[in-house]
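Heads up: the structure comes next, in structure tokens.
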Amino acid sequence: MKLSRRTKSILVILGGLAVIVLTWNGLGQHYPQINEWLYLPERLYRTLRTLMGSDPVSSSLPPENLPWQLTLVKIVVTLALLAGMYRIAQKLFVEYYTQFRLLFRRNQILVIGINQKGQALLGDLKRTHDTTGVAIELDADHSNAGALRREGHLVYFGDGTQSAVLQDAGIRSARFMICFLDKEQTTINVVRALHQITQKHPEKYQVRCFLHIGNAKVSAMLQQSDYFEDEKKNGIDLRFFNHHQMIARQFFARIPYDYAQQMRDPDAAFRLVVFGSGETAKALLVQALQVMHTINPASPDIIVCGADAELAGRQLAAEYPGAAMVASIKYMTFDGAYDHILNEFVIDPPAHLVPVVIVAFDDDSANLKLSLEILHATPAAAFRVYALNYHNDGLNALLKSRQRRLNRLTFFGSLESVCQVELITQERLDMTARSIHEDYLQQLAPQQGSVSESDAYKQSWDRLNEQAKDANRAQADHIAYKLAMCGKLVETQEQDAGVQEALSFTAEEVEMLAQVEHTRWMAQRYLAGWRYGAQRDDQRRLHPSLVDWVMLPEAEKQKDRDVVLRIPHLARRNGNKPSV
């Protein structure tokens, strides 16, 4: 019979404890006088020697009148042996001890890998949630293992792509598991291991598994698909995330705070000048199309500058055919010369135009270089420059500590800020999104002339499909923008119950924000592949409400007004703060 690693661990620990107990009691019977306190050092000394393979009764006990100097030496030697045994046990028995501790862990959080991302996730778990996690690492000599253990985390060495290792690490009793790895093939192998577990042990698990996929569009499609319904029915809920999308959501969650004054201007139009055409730049572009909707329908105006800008434009059009219906997007080839771009789109802008410069190449050094060059070339300008700083090291880290002096330069997207458990699991965001959906269900009573929602949107939150959940999350993301547009957004540290209780909208504000909400809703639908159709057809993604506000039936307008009127209630329940 082949024993599992967990069984072996238990047997080794129990065997070691049995040797200690038997030796301790046996010495007491063989040498009755050793039970006295005077011989305690001798008893400890012989017990330790037994664990090291020595005969505990190979010599007689020392005389009672042994000189104190020799007793002191024996105590020191015993302590040295204890220290040595501890070091040896750390190396030889740490795996068995970890397995033993895992037997008593419940509702734990599993993290695959202790690379920079895994270490940052576990650090956030300890710092933000005041709890520890369980890490699975293939490399038994990984340099991060010791530091993580000192913080209280358990590090279990094994191949996380093997179903037996996941089971030994305690996936059955886990609250959720996060797999944030550099190699996507390893993530795919983890999915295979999870599939094997559900095949062997159906309906015995209840755990959410968050898996990173490098391509944002693929991640979104997998998240919204039903490809893994069998695993979900058997208790393992596979969820996919993408760090480029997380950077983008986190970035645009701060924009209404940075531009709260400008958003109050009904004529203000935001122009985003994005340098870069990689995955992060594309994620920023898509998120801007989702949320950068203000009172002026001309916002946002987007210019993308990169070496492969035209190719990036064709790729975006292929992935999001409806993007052209949402905003004006211009692609410009960037070869390092930025003067003409700044002069045409940023410097001395027309009245009410708010330029926002975002430098988001894949290389942190290139982002820093271009950002500093732009700041140096425009000392008298007022526009802000946002620089992607993923690794947060070297000169970037040094300058970040001087942020006050570089008041126009803001770093974003660091690995530490992305590796947050909340940002991956979306638990706090889902509180707001769930509240939005629950309020919507309560007000879903049929109205004359309204376009009824499909059954897919009438389900409870737990039964709601992922695409419908994303629609509620997108609405939650935009709450801060709506509050900023009417001057009711406050910083998190300034919030108190009085501020939230006093939140309300005038009739004019409700009407204005309802129009903005309709624009945002249309953008979200266009990006999801919907088009206008006289009759609603969910299979073909046709919707009759994809028209301008003036053409919208009154019953449909009231839905947008209801969205606005529910915001004070949501703010009181979940807090008037960024969703990420």
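One rule links them: number in the working numbering = place in the sequence shown (from 1) + 263.
We treat Cβ as the ideally placed atom computed from N, Cα and C, and that holds for glycine.
Computed from a prediction, not measured in an experiment: that's the story for all the values here.
Using C-beta distances below 7 Å, list every residue in its chain close to Arg471, excluding the 5 sequence neighbours before and after it, in chain order. Take Arg471, set aside five residues on each side of it, and the residues of its chain with a beta-carbon closer than 7 Å to its own are Phe439, Asp500 and Arg502, in chain order.
Residue ranges of each beta strand (DSSP E) run of no fewer than 3 residues wholly in the region 475-556, ordered along the chain? You should have 499-504 and 532-538.
Identify the continuous alpha helix (DSSP H) that holds Ala570 and give its terminal residues. Under the DSSP assignment, Ala570 falls outside any alpha helix (DSSP H); it carries neither an H nor an E label.
Residues in the same chain with beta-carbon distance under 7 Å from Leu486, minus the five sequence neighbours each way, listed in chain order, please. According to the sequence displayed, residue 486 carries Gln and not Leu. Excluding positions up to five away in sequence, the list reads Arg502, Phe503 and Glu729.
Would you report the Cα separation of Gln787 and Arg736, rounded to the nearest angstrom? So the two alpha carbons sit approximately 11 Å from each other.
With a CB to CB cut of under 8 Å and the five nearest residues on each side skipped, what residues in its chain are close to Pro807? Same-chain partners within the cutoff: Val714, Tyr795, Gly796, Ala797, Gln798 and Arg799.
Tell me the DSSP secondary structure of Ala398 in three-state form. Reduced to three states, the DSSP call for Ala398 is strand.
Residue environment, Asn288, which counts as buried when at least 16 other CB atoms sit within 10 Å: Label assigned to Asn288: exposed.
Going by DSSP, what residues sit across from His806 in a beta bridge? For His806, which the question treats as bridged, DSSP gives the partners Tyr795.
How would you label Ser406, buried or exposed, when you count the other beta carbons within 10 angstroms and need 16 or more for buried? Ser406 comes out exposed.
Have a look at Met694, Val684, Gly676 and Leu635 and flag the residue whose alpha-carbon is nearest the alpha-carbon of Asn670. Of Met694, Val684, Gly676 and Leu635, the residue nearest in Cα terms is Leu635.
Kindly list the residues whose CB is nearer than 7 Å to the CB of Ile338, restricted to its own chain and excluding five residues on each side of it in sequence; keep chain order. Pro304, listed in sequence order.
Option in Trp812, Phe420 and Gly433 with minimal Cα separation from Lys467: For the options Trp812, Phe420 and Gly433, the alpha carbon positioned closest to that of Lys467 is the one of Gly433.
DSSP beta-bridge partners for Ile375? For Ile375, the pairing in a beta bridge is given by DSSP as Ile399 and Cys442.
When we look at the beta-carbon of Phe443 and count the other beta-carbons within 10 Å, is it buried (16 or more) or exposed? Burial is judged here by how many other beta carbons sit within 10 angstroms of a residue's own beta carbon; Phe443 has at least 16 and is buried.
Could you check the C-alpha separation between Val397 and Arg368 for me, to the nearest Å? If I take the Cα positions, the gap works out to 9 Å.
What does DSSP give as the partner residue(s) for Leu651 in the beta ladder? In the DSSP output, where bridge partners are listed per residue, Leu651 has Phe675.
Check whether the region 574-585 and the region 535-551 touch, using three or more Cβ-Cβ pairs below 8 Å as the test. In short, these stretches touch, since the Cβ pair count reaches three.
N-terminal and C-terminal residue of the alpha helix (DSSP H) that Val827 is part of: For Val827, the enclosing alpha helix (DSSP H) begins and ends at Glu817 to Leu828.
Tell me the rounded alpha-carbon separation between Ile518 and Val537. CA-CA distance, Ile518 to Val537, rounds to 15 Å.
Which residues in the same chain have their Cβ closer than 7 Å to the Cβ of Leu384, if we skip the five residues on either side of it in sequence? In its chain, beyond the 5 residues on either side, Val374, Ile441, Phe443, Cys682 and Val684 have a beta carbon closer than 7 Å to the beta carbon of Leu384.
Just curious, the alpha helix (DSSP H) that Thr688 is in, first and last residue? Annotation: the continuous alpha helix (DSSP H) that includes Thr688 extends over Val684 to Thr688.
Identify, in the order they occur along the chain, each residue of the same chain with its Cβ nearer than 7 Å to the Cβ of Thr449, setting aside the five sequence neighbours on each side. The residues are Thr424.
Specify the secondary structure class of Lys632 as computed by DSSP and reduced to three states. The answer is helix: DSSP assigns Lys632 an H, G or I state.
Please return the same chain residues whose Cβ sits closer than 6 Å to the Cβ of Asp571, not counting the five positions on each side in sequence. Contacts found: Ser540.
Sequence-distant residues of its chain with Cβ nearer than 6 Å to Leu474 (five each side left out): Within the same chain, and ignoring the five residues on either side of Leu474 in sequence, the residues whose Cβ sits closer than 6 Å to its Cβ are Cys442, Thr450 and Phe503.
Report the rounded CA-to-CA distance for Phe420 versus Glu358, giving the unit in angstroms. Taking the CA atoms as reference points, Phe420 sits about 7 Å from Glu358.
Less than 7 Å separating the beta-carbons of Glu494 and Thr461? Against a cut-off of 7 Å, the Cβ pair of Thr461 and Glu494 comes out as a contact.
I'd like to know whether the C-beta atoms of Val827 and Ala777 end up nearer to each other than 7 Å. Going by C-beta atoms, Val827 is nearer than 7 Å to Ala777.
Cβ contact check for the region 807-826 and the region 769-784: 3 or more pairs under 8 Å: Proximity of the region 807-826 to the region 769-784 meets the contact definition, three or more beta-carbon pairs being nearer than 8 Å.
Pair within 7 Å by beta-carbon distance, Leu631 and Val589: Not a contact, by the Cβ cut-off of 7 Å.
Report the three-state DSSP secondary structure of Pro831 (helix, strand or coil). In the structure shown, Pro831 sits in a helix (DSSP, three-state: H, G or I).
Return the bridge partner residues of Pro618 from the DSSP annotation. Answer is Arg534, bridged to Pro618.
Where the beta strand (DSSP E) through Val594 begins and ends: Here residue 594 is Tyr; the residue named in the question, Val, does not match the sequence. Run containing Tyr594: Ser591 to Thr596, per the beta strand (DSSP E) assignment.
With a cut-off of 8 Å on the beta carbons, I'd call Gly676 and Phe514 a contact; round off their distance for me. Sure, about 7 Å apart at Cβ, within 8 Å.
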